[in-house]
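Engineer: Dropping the structure in here first, questions after.
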Amino acid sequence: MLEKYNFSEIEAKWQKHWEETKAFKVVEDPDKEKYYVLEMFPYPSGKLHMGHVRNYSIGDVIARFKKMKGYNVLHPMGYDAFGLPAENAAIKNNVEPAEWTWSNIEEMNRQLREMGLSYDWDREVATAHPSYYKWMQWIFIQFFKKGLAYKKENPVNWCPSCQTVLANEQVVDGCCERCGTLVGKKNLSQWYFKITDYAERLLDNLDTLDGWPNKVKIMQRNWIGKSHGAEVEFKIKDRDETLTVFTTRVDTIFGTTFMVLAPEYPTVLDMVEGTEYEAPVKEYIDRCAHMNEIERTSTTNEKTGVFIGQYAVNPFTGKSMPIYISDYVLMGYGTGAVMGVPAHDQRDFEFAKKFDLEIIPVIEPEDPEIDLNDLKEAFAAEGKVINSGEFNGLDNVDAIQKVAEAAEERGIGKKTINYRLRDWLISRQRYWGTPIPMIHCDACGWVPEKEENLPVMLPTDVEFTGKGESPLATSKTFIDTVCPVCGKPAKRELDTMDTFLDSSWYFLRYCDARNDEAVFDKDKVDYWMNVDQYIGGVEHAIMHLMYARFFQMALYDLGLVKDEEPFKNLLTQGMVIKDGAKMSKSLGNVVSPAEIIEKYGADTARLFILFAAPPERELDWSDKGVEGSYRFINRVYRAVYEYKEKFAEGAADFYEIKTEADKSMAYWMNYAIKKVTDDVGERFNFNTAISTIMEMVNEMYRYKEGDVNEALYGAAIKNLIIMLAPFVPHVTEEMWDHLGYEGSVHEQSWPSYDESALVKDTVEIVVQINGKIKEKINIPGDLSREEMEKIAMEDEKVKGLTEGKNVVKVIAVPNKLLNIVVK
RNA sequence: GCGGCUAUGGCGGAAUUGGCAGACGCGCUAGAUUUAGGUUCUAGUGUCAACCGACGUGGGGGUUCAAGUCCCUCUAGCCGCACCA
Numbered sequence: 077m078l079e080k081y082n083f084s085e086i087e088a089k090w091q092k093h094w095e096e097t098k099a100f101k102v103v104e105d106p107d108k109e110k111y112y113v114l115e116m117f118p119y120p121s122g123k124l125h126m127g128h129v130r131n132y133s134i135g136d137v138i139a140r141f142k143k144m145k146g147y148n149v150l151h152p153m154g155y156d157a158f159g160l161p162a163e164n165a166a167i168k169n170n171v172e173p174a175e176w177t178w179s180n181i182e183e184m185n186r187q188l189r190e191m192g193l194s195y196d197w198d199r200e201v202a203t204a205h206p207s208y209y210k211w212m213q214w215i216f217i218q219f220f221k222k223g224l225a226y227k228k229e230n231p232v233n234w235c236p237s238c239q240t241v242l243a244n245e246q247v248v249d250g251c252c253e254r255c256g257t258l259v260g261k262k263n264l265s266q267w268y269f270k271i272t273d274y275a276e277r278l279l280d281n282l283d284t285l286d287g288w289p290n291k292v293k294i295m296q297r298n299w300i301g302k303s304h305g306a307e308v309e310f311k312i313k314d315r316d317e318t319l320t321v322f323t324t325r326v327d328t329i330f331g332t333t334f335m336v337l338a339p340e341y342p343t344v345l346d347m348v349e350g351t352e353y354e355a356p357v358k359e360y361i362d363r364c365a366h367m368n369e370i371e372r373t374s375t376t377n378e379k380t381g382v383f384i385g386q387y388a389v390n391p392f393t394g395k396s397m398p399i400y401i402s403d404y405v406l407m408g409y410g411t412g413a414v415m416g417v418p419a420h421d422q423r424d425f426e427f428a429k430k431f432d433l434e435i436i437p438v439i440e441p442e443d444p445e446i447d448l449n450d451l452k453e454a455f456a457a458e459g460k461v462i463n464s465g466e467f468n469g470l471d472n473v474d475a476i477q478k479v480a481e482a483a484e485e486r487g488i489g490k491k492t493i494n495y496r497l498r499d500w501l502i503s504r505q506r507y508w509g510t511p512i513p514m515i516h517c518d519a520c521g522w523v524p525e526k527e528e529n530l531p532v533m534l535p536t537d538v539e540f541t542g543k544g545e546s547p548l549a550t551s552k553t554f555i556d557t558v559c560p561v562c563g564k565p566a567k568r569e570l571d572t573m574d575t576f577l578d579s580s581w582y583f584l585r586y587c588d589a590r591n592d593e594a595v596f597d598k599d600k601v602d603y604w605m606n607v608d609q610y611i612g613g614v615e616h617a618i619m620h621l622m623y624a625r626f627f628q629m630a631l632y633d634l635g636l637v638k639d640e641e642p643f644k645n646l647l648t649q650g651m652v653i654k655d656g657a658k659m660s661k662s663l664g665n666v667v668s669p670a671e672i673i674e675k676y677g678a679d680t681a682r683l684f685i686l687f688a689a690p691p692e693r694e695l696d697w698s699d700k701g702v703e704g705s706y707r708f709i710n711r712v713y714r715a716v717y718e719y720k721e722k723f724a725e726g727a728a729d730f731y732e733i734k735t736e737a738d739k740s741m742a743y744w745m746n747y748a749i750k751k752v753t754d755d756v757g758e759r760f761n762f763n764t765a766i767s768t769i770m771e772m773v774n775e776m777y778r779y780k781e782g783d784v785n786e787a788l789y790g791a792a793i794k795n796l797i798i799m800l801a802p803f804v805p806h807v808t809e810e811m812w813d814h815l816g817y818e819g820s821v822h823e824q825s826w827p828s829y830d831e832s833a834l835v836k837d838t839v840e841i842v843v844q845i846n847g848k849i850k851e852k853i854n855i856p857g858d859l860s861r862e863e864m865e866k867i868a869m870e871d872e873k874v875k876g877l878t879e880g881k882n883v884v885k886v887i888a889v890p891n892k893l894l895n896i897v898v899k
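Note that the numbering used here numbers the first sequence so that position 246 is 322, with each residue one more than the last.
Next up, the structure:
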């Protein structure tokens, strides 16, 4: 150990040592309790950013702490390696996506190793590797066999100039990211997963996830969007056809004055065929179909629509009502048909105003200010039912039940539940993704590739023109194959999978990452799962976390895993910001981890990022703050160096308390152990854990200026190094080594504290009079309320302040406070 | 529009159960060391008053012996969803 803290030498030395000794390799051990800590794996962009550093620093502290607490800790890392950027690089710079990706992974591997993270690198996975996507394809086939995968036609974003399909993120303000042309729509037959079959379970299980932030659970609940309502049938006049609507407000059915269908409603064209309405209806449907994002969002307030020349009959009033089509009705939700109740629904109200339709109020507001005959907006609140025949006078909330029941009795409706959640569109017209292992045979239809033929390899003879529907179509070797069922010539699916599939089960593969016989060994997964602590950005609150939960549930139903939910506890870390804004190139406020590590070392970077804010909050980057963390490490380093030079060694475990200073030192040491154990182990408040260690160091600096009890001071030094080890792993290993202790500091048991050292002989209590602090007195610890009161009342100052006054009440909080209420 | 979160010194933040507001760090001020500066060490640092003390956690109100913490209300900012019938 050099006299001066040379972080670059120390960090390189220990990183090499850990690597060579495979210090963080783990295997299943039934005798030890396991702990699985997982950070969301990165997309290999090639460069680590501060968000990564924060994410992995948090995970690493937890992993190292749990290991010191005696757990068998699984702490893996890998790469979410498929995706669009690799393909863009191929088109722009003529690099193979594979080459681009593998070299980025290599670079990120190097940067991650520079941070000194305690990963078991033998479990590294990369989703773009055939050894991973082989099993991705296998899972897809199991889902397909279970009926969870199906094909359906769906519009995709289509750039007419580039002649290519665009992902949503390639559409910027409704225009093509590359050429700026307005993006249109094109229908393609695509693969879906039936995630809606799991809507109820995905929703119900949220209640069991106690270790998840409420915010995330609420976001998922909203996304699933369960709503109770009723379906009611409306006959179409003079036609042998009915319209079924979904409504949550069946109590307002007497106020229905028109009907609205989604433009895509399947029978609309039949209904207008050969009539004068055919042309305008077709024109409107066409306009909606070609509508891009700009047009859609700009029409938020202004309702549009077309009358289709037909009338529906209200089953309760017998009234006939005009049928319209309008884009404010969505085909994907409910039935695609809506009953228009302008008096009590704002959208219907706007539509009625625009087309001059009748407005019939059927709920009476309590507020006398509202004039039902001249509504300025829809009245959507609760009230008494009016103008509704036999239902008049009911509270509308009760009427919801009663009307639904009446409809049920008449055989024209039923209570139903609707979800906002849609099936998961998993097809991507992209090259750099897992090939969907399906084959289309003219005789047998869509059949999966034989499992023994997996993986269906991504072809390499693909041209990256950036044109066409699916890049795989440009391969001469890929498309033609034989039907796995009948053996006749057949064609492969040309789409690849959404990369969210790859990341929906990687946590399972980590449990048995090198298995080439099976997706994973069930015993191994049973041992390691569930993930005890998952850590990542809140931006994944909905999609990734919902998809992963869906996968786990589907795999549970297939008997492959033992639990329905994969992540027991979830920590969503806040963003790293600087100067009040998210770090971004355009703002020029990006601080790269590389430059910080270069200047101060990884230990300083880790310490600062953990100290500056609690993990779930935003973190304001401060260059000055980084210097402060660097200073603190130096302060510790100097103390340890000086200790070795100046004081006797060893005998650190037993010490005698001789002086007041000793007692205070022992108190601080034990208090710090207690507090840090709690902050790191129970609360994940790393910032306060670090500040407690700083206080302990301040106390040590004070202490070493007086008469030093070397055994006690040695114990403090030793515990200090151990407690700092999860935060700053390199420098602590160096100091540990320097002091001549055996083995690695990271192999040590987490220290326990001595309760008796925390008992103070005297405590300072606050004396309040009428809630105002008037005096602080020192009294022996653990006195009863009566004794406390007695001592306080004898205090000169308190006497003076209470003299001649009537003491109404005395509230005593032992060892803390006394409040004397006087009049 | 709906749902959610947040608001504490010059700054990041602490106060875990209603019980000393501002721990710890940054910054700033002074002193010591060194002396070219920096480093390091020590002390001070919410505001007003500068003697007692008074005020103070976005604003207003309330509950309580006691409120940053609980309740009501308003304001500002951030995030998510958004024509979901």
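Glycine residues also receive a C-beta, built at the ideal position from the N, C-alpha and C atoms.
Between which two residues does the beta strand (DSSP E) containing G521 stretch?
Structural biologist: Your numbering for residue 521 matches position 445 in the first sequence. Taken as a continuous stretch (DSSP letters only), the beta strand (DSSP E) holding G521 covers 521-524.
Engineer: Tell me P511's beta-bridge partners as DSSP assigns them.
Structural biologist: As a first step, residue 511 must be located in the first sequence, where it is residue number 435. Answer is T572.
Engineer: In terms of residues, what are the limits of the beta strand (DSSP E) holding Q649?
Structural biologist: By 1-based counting over the first sequence, the position of residue 649 is 573. Per DSSP, Q649 belongs to the beta strand (DSSP E) from 646-649.
Engineer: Where do the N-terminal and C-terminal ends of the alpha helix (DSSP H) with M811 fall, by residue?
Structural biologist: To locate residue 811, count along the first sequence from 1; it is residue 735. Note, M811: alpha helix (DSSP H), 805-814.
Engineer: In the DSSP output, what is G613 paired with across the bridge?
Structural biologist: Position 537 of the first sequence, counting from 1, holds the residue named residue 613. Q649, per the DSSP bridge assignment.
Engineer: Could you have a look at H151 and say whether DSSP puts it in helix, strand or coil?
Structural biologist: What you label residue 151 is simply residue 75 of the first sequence in a count that begins at 1. Looking at H151 - three-state DSSP - the assignment turns out to be coil, as it is neither helix nor strand.
Engineer: Going by C-alpha to C-alpha distance, which of P560, F540, G509 sits closest to C520?
Structural biologist: Taking the first sequence and counting its residues from 1, the one referred to as residue 520 is at position 444. Checking every option, the nearest Cα to that of C520 belongs to P560.
Engineer: On the CB-based measure, 16 or more other CB atoms within 10 Å of its CB, does A594 come out buried or exposed?
Structural biologist: Taking the first sequence and counting its residues from 1, one reaches residue 594 at position 518. By the neighbour-count rule (16 or more Cβ atoms within 10 Å), A594 is not buried but exposed.
Engineer: Considering only residues of the same chain and omitting the five flanking positions on each side of L279, which have a CB-CB separation below 7 Å?
Structural biologist: In the first sequence, the residue the question calls residue 279 occupies position 203. The residues are R297, I300, K302.
Engineer: With a floor of 4 residues, list each alpha helix (DSSP H) that falls wholly inside the stretch 750-837, ordered by position along the chain.
Structural biologist: With a minimum length of 4 residues, the continuous alpha helix (DSSP H) runs that stay inside the stretch 750-837 are 762-779, 786-800, 805-814.
Engineer: Apply the 10 Å Cβ neighbour rule to A681 and answer buried if 16 or more other Cβ atoms are within range, or exposed otherwise.
Structural biologist: Indexing the first sequence from 1 puts residue 681 at position 605. Buried, by the Cβ-count rule.
Engineer: Taking 7 Å as the threshold (C-beta atoms), are T510 and M212 in contact?
Structural biologist: The sequence position of residue 212 within the first sequence is 136, counting from 1. The sequence position of residue 510 within the first sequence is 434, counting from 1. Against a cut-off of 7 Å, the Cβ pair of T510 and M212 comes out as a contact.
Engineer: With a floor of 4 residues, list each alpha helix (DSSP H) that falls wholly inside the stretch 358-422, ordered by position along the chain.
Structural biologist: List check, alpha helix (DSSP H) in window: 369-374.
Engineer: Under the rule that 16 or more other beta-carbon atoms within 10 Å means buried, what is A617, buried or exposed?
Structural biologist: For the purposes of this step, residue 617 is identified with residue 541 of the first sequence, where counting begins at 1. Burial call: buried.
Engineer: Nearest-angstrom Cα distance between E85 and L224?
Structural biologist: Locating residue 85 in the first sequence gives position 9, where the first residue counts as 1. Locating residue 224 in the first sequence gives position 148, where the first residue counts as 1. Those two C-alpha atoms are separated by around 54 Å.
Engineer: Assuming contact is defined by CB atoms lying nearer than 7 Å, are E149 and Y111 in contact in what I supplied?
Structural biologist: Within the first sequence, the letter at position 73 stands for residue 149. Within the first sequence, the letter at position 35 stands for residue 111. Correcting the residue type first, residue 149 is Val in the shown sequence and not Glu. Contact: yes.
Engineer: Within 10 angstroms of the Cβ of C255, are there 16 or more other Cβ atoms? Answer buried if so, exposed if not.
Structural biologist: If you number the first sequence from 1, residue 255 lands on position 179. By the neighbour-count rule (16 or more Cβ atoms within 10 Å), C255 is not buried but exposed.
Engineer: With K92 as the anchor, note down where its alpha helix (DSSP H) starts and where it stops.
Structural biologist: Locating residue 92 in the first sequence gives position 16, counting from the first residue. It spans 83-97 - the alpha helix (DSSP H) in which K92 sits, taken as one unbroken run.
Engineer: If I follow the unbroken alpha helix (DSSP H) through P669, where does it start and stop?
Structural biologist: Mapped onto the first sequence, residue 669 falls at position 593. P669 -> alpha helix (DSSP H) spans 669-676.
Engineer: Any contact between the stretch 122-136 and the stretch 574-594? By contact I mean 3 or more CB pairs, one from each, below 8 Å.
Structural biologist: Not touching, per the Cβ criterion.
Engineer: Would you decide whether P642 is buried or exposed? Buried here means 16 or more other CB atoms lie within 10 Å of its CB.
Structural biologist: Translated into the one-based positions of the first sequence, residue 642 becomes position 566. With 16 or more Cβ atoms within 10 Å of its Cβ, P642 is classed as buried.
Engineer: What separation, rounded to the nearest whole angstrom, lies between the Cα atoms of D286 and L646?
Structural biologist: Here residue 286 refers to the residue found at position 210 when the first sequence is read from its first residue. Here residue 646 refers to the residue found at position 570 when the first sequence is read from its first residue. One C-alpha to the other measures close to 9 Å.
Engineer: If you count every other CB in all the chains shown that lies within 10 Å of the CB of V884, and 16 or more means buried, which is it?
Structural biologist: Position 808 of the first sequence, counted from the start, is the residue given in the question as residue 884. That one is exposed.
Engineer: Compute the Euclidean distance between the alpha carbons of A888 and A748, then round it to the nearest angstrom.
Structural biologist: Residue 888 sits at position 812 when you count from the first residue of the first sequence. Residue 748 sits at position 672 when you count from the first residue of the first sequence. So the alpha carbons of these two residues sit roughly 28 Å apart.
Engineer: Is the stretch 812-825 touching the stretch 859-868, taking contact as three or more C-beta pairs under 8 Å?
Structural biologist: Counting Cβ pairs under 8 Å, fewer than three are found: no touch.
Engineer: H125 by DSSP, collapsed to three states: which one?
Structural biologist: The sequence position of residue 125 within the first sequence is 49, counting from 1. H125: coil per DSSP, three-state reduction.
Engineer: Looking at the secondary structure, which residues open and close the alpha helix (DSSP H) in which V344 lies?
Structural biologist: Here residue 344 refers to the residue found at position 268 when the first sequence is read from its first residue. Segment 344-348, the alpha helix (DSSP H) holding V344.
Engineer: With a cut-off of 8 Å on the beta carbons, I'd call V113 and G146 a contact; round off their distance for me.
Structural biologist: Locating residue 113 in the first sequence gives position 37, counting from the first residue. Locating residue 146 in the first sequence gives position 70, counting from the first residue. Wrong, their Cβ atoms sit about 15 Å apart, outside the cutoff.
Engineer: Go to E229, then tell me how far its beta strand (DSSP E) extends in each direction, as first and last residue.
Structural biologist: The sequence position of residue 229 within the first sequence is 153, counting from 1. Residues 225-235.
Engineer: Quick one: Cα of T375 to Cα of D403, how far?
Structural biologist: On the first sequence, position 299 is the one that residue 375 refers to. On the first sequence, position 327 is the one that residue 403 refers to. Summary for T375: the model assigns pLDDT 48, below 50, so the residue's position carries little reliability, and this model does not support an answer.
Engineer: Less than 7 Å separating the beta-carbons of M776 and A765?
Structural biologist: Residue 776 sits at position 700 when you count from the first residue of the first sequence. Residue 765 sits at position 689 when you count from the first residue of the first sequence. Taking 7 Å as the Cβ cut-off, M776 and A765 do not qualify as a contacting pair.
Engineer: Is the stretch 165-184 in contact with the stretch 659-668, if contact means three or more CB pairs nearer than 8 Å?
Structural biologist: Taking 8 Å as the limit for Cβ pairs, the verdict is that the stretch 659-668 does not touch the stretch 165-184.
Engineer: Smallest Cα separation from E109: which of S832, Y603, M811, E879?
Structural biologist: Counting from one through the first sequence, the residue named residue 109 turns up at place 33. Of S832, Y603, M811, E879, the residue nearest in Cα terms is Y603.
Engineer: From the DSSP output, read off the bridge partner residues of S662.
Structural biologist: Counted from its first residue, the first sequence places residue 662 at position 586. Per DSSP, none; premise fails for S662.
Engineer: Measuring CA to CA, which of K722, M811, D592, S660 is closest to I709?
Structural biologist: Along the first sequence, read from residue 1 onward, the residue named residue 709 stands at position 633. It is M811.
Engineer: Please determine if the stretch 94-108 and the stretch 558-576 are in contact, where contact requires at least 3 C-beta pairs separated by less than 8 Å.
Structural biologist: In short, these stretches do not touch, since the Cβ pair count stays below three.
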